[in-house]
Amino acid sequence: MTSWAQIAAGLPQQQPIGKYTAARIGGPADYLFVADSATTDDQLVALFSAALQAGVPVRVIGGGANILVSDAGVRGLVIVNRAAGFDWQADGTVTARAGTGLLALARAAAARGWRGFEWAIGVPGTLGGALVNNAGAHGSDMAASVVDARIAHADGTIETWPAERLQFGYRASALKHHPAPFFVLTVRLRFTTDDPDAIHARMAEYTAHRRRTQPTGASLGSVFKNPPNDYAGRLIEACGLKGCQIGTAQVSPLHANFFLSDGHTRAADYRALIEHVQQVVQERCGVWLEPEIQFVGEW
Ligand SMILES: Cc1cc2nc3c(=O)[nH]c(=O)nc-3n(C[C@H](O)[C@H](O)[C@H](O)COP(=O)(O)OP(=O)(O)OC[C@H]3O[C@@H](n4cnc5c(N)ncnc54)[C@H](O)[C@@H]3O)c2cc1C
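Quick note, the sequence shown lines up with residues 3 to 301 if you use my numbering.
Structure, rendered in structure tokens:
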């Protein structure tokens with residue numbers, strides 16, 4: 003077995019990871035590994051467990067579409083998991099590698115006449131991140147289709163977690179704040195058949211809705227979860243915060259729950275804007291907005 007020291011010697015060090023995130027924000031990772039579809043699950047698990055067993059922390063990210071990485075960056079190893087690929091079964095189940103893009107899977111499901119993943123059209127990121135976050139849109143989410151997921155642990159063992167064990171909630175799962183390191187390798191989903199024209203029509207409608215209502219600049223999508231019976235965007239807008247800016251981080255003038263960055267935005271400014279919005283909404287509306295995004299790295 004290759005030691006961590008040998009592996010580490012071949013990895014890029016102190017590489018900024020902002021370019022692997024949707025907001026284009028974030029300082030360096032001590033060690034970086036970018037997995038692509040040629041990377042096998044065995045290789046991923048070996049790397050993950052070698053680092054952890056040597057006492058090096060590991061953070062797996064997918065599309066970086068739901069994380070704000072600090073300016074100081076991430077200590078230890080960051081694995082950017084873009085290891086993609088999927089395998090269809092005749093019964094409507096598909097086993098997809100966690101690095102598969104949501105868009106790619108949504109398009110492939112539609113092309114085969116499987117319904118249930120249309121919501122993912124226009125949602126950036128990978129299946130692994132979507133599982134952790136129970137991503138969803140247009141009244142559906144991952145929880146509606148997930149059968150199970152294969153998850154690797156620090157000691158290199160792999161377990162299959164059925165949907166019930168994943169305990170999906172609104173933009174939440176048992177994995178989102180899981181205390182021990184884990185690596186989602188594959189996710190199995192189940193879909194049902196439908197008329198391909200109807201599936202494509204729904205996807206076109208969702209895409210048109212996004213184009214109308216969401217900004218195109220770099221962002222993390224919705225920063226906050228919607229509070230019960232309300233919308234975070236409505237509350238932020240009602241407080242007059244559309245367009246509010248700290249440094250170059252800005253509350254989108256189009257959709258108040260999207261915060262824009264310009265590619266040079268500091269994570270500290272983006273986070274300060276989040277905290278400012280939280281405080282103003284609390285003072286004026288009496289609602290404490292809970293972030294949907296996760297803060298990653300050294301703050
Ligand atoms: C423009 C825009 C629009 C968006 N619209 C939506 C929307 O409509 N609905 C919605 O739900 N979300 C939306 N999002 C947020 C985001 O797209 C989703 O949450 C997406 O599922 C995140 O996937 P990711 O691969 O980018 O995850 P990341 O941001 O890379 O990671 C999220 C979390 O999962 C962990 N993780 C990722 N992969 C693995 C793995 N293989 N093993 C272990 N842990 C892993 C990370 O460590 C992190 O904790 C939007 C984002 C943007 C930028």
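Glycine residues also receive a C-beta, built at the ideal position from the N, C-alpha and C atoms.
Counting the other CB atoms within 10 Å of its CB gives His257 a total of 16 or more, which places it among the buried residues. Leu79 sits away from Tyr22, with the two beta carbons spaced by 8 Å or more. When secondary structure is reduced to three states using DSSP, Phe170 falls in the coil class, being assigned neither helix nor strand. By the Cβ rule, the stretch 253-269 does not count as touching the stretch 31-49, because fewer than three pairs are nearer than 8 Å. A distance criterion of 7 Å places the beta-carbon of Ser224 in contact range of ligand 1, judged by its closest non-hydrogen atom. With distances taken between CA atoms, Glu239 lies nearest to Phe261 out of Phe261, Ala85, Leu107 and Pro230.
By the C-beta density criterion, Tyr172 is exposed, having fewer than 16 other C-beta atoms within 10 angstroms.
Ranked by Cα distance from Ile160, the options Ala24, Cys287 and Ser51 are led by Ser51. Around the beta carbon of Gly118, 16 or more other beta carbons lie within 10 angstroms, which makes this residue buried. In this structure, Ser142 has its CB at a distance of at least 7 Å from all heavy atoms of ligand 1.
Excluding five sequence positions before and after Gln280, the CB atoms of its chain that fall closer than 6 Å to its own CB belong to Leu291, given in chain order.
Cβ neighbours of Asp157 within its own chain (closer than 7 Å, five residues either side excluded): Ser51.
Ser5 counts as exposed, since fewer than 16 other C-beta atoms from the protein chains shown sit within 10 angstroms of its C-beta.
In this chain, the beta strand (DSSP E) harbouring Glu161 covers Ile160 to Pro164. Ala100 has its alpha-carbon roughly 12 Å from the corresponding atom of Ile81. Tyr272 sits in a helix when the DSSP states are folded into three classes. Under the three-state reduction of DSSP, Gly103 is assigned to strand. Gly65 is positioned such that its CB atom lies no closer than 8 Å to that of Gly20. Val58 is bridged by DSSP to nothing; it lacks a bridge partner. Here DSSP, grouped into helix, strand and coil, assigns Gly245 to coil. Classified as buried, Asn259 has 16 or more neighbouring CB atoms from the shown chains inside 10 Å of its CB. Shortest Cα-Cα distance from Phe297 to any of Leu49, Arg190, Arg61 and Val71 involves Val71. With contact defined as three or more Cβ pairs closer than 8 Å, the stretch 227-237 and the stretch 189-198 are not in contact. Cβ contact annotation for Asp150 (same chain, cutoff 7 Å, sequence separation greater than five): Thr162, Trp163, Pro164, Ala165 and Arg190, in chain order. In the DSSP assignment, Val148 falls within the unbroken beta strand (DSSP E) covering Val148 to His155. DSSP, read as helix, strand or coil, puts Thr209 in helix.
The Cβ-Cβ distance between Ala112 and Pro217 does not fall below 8 Å.
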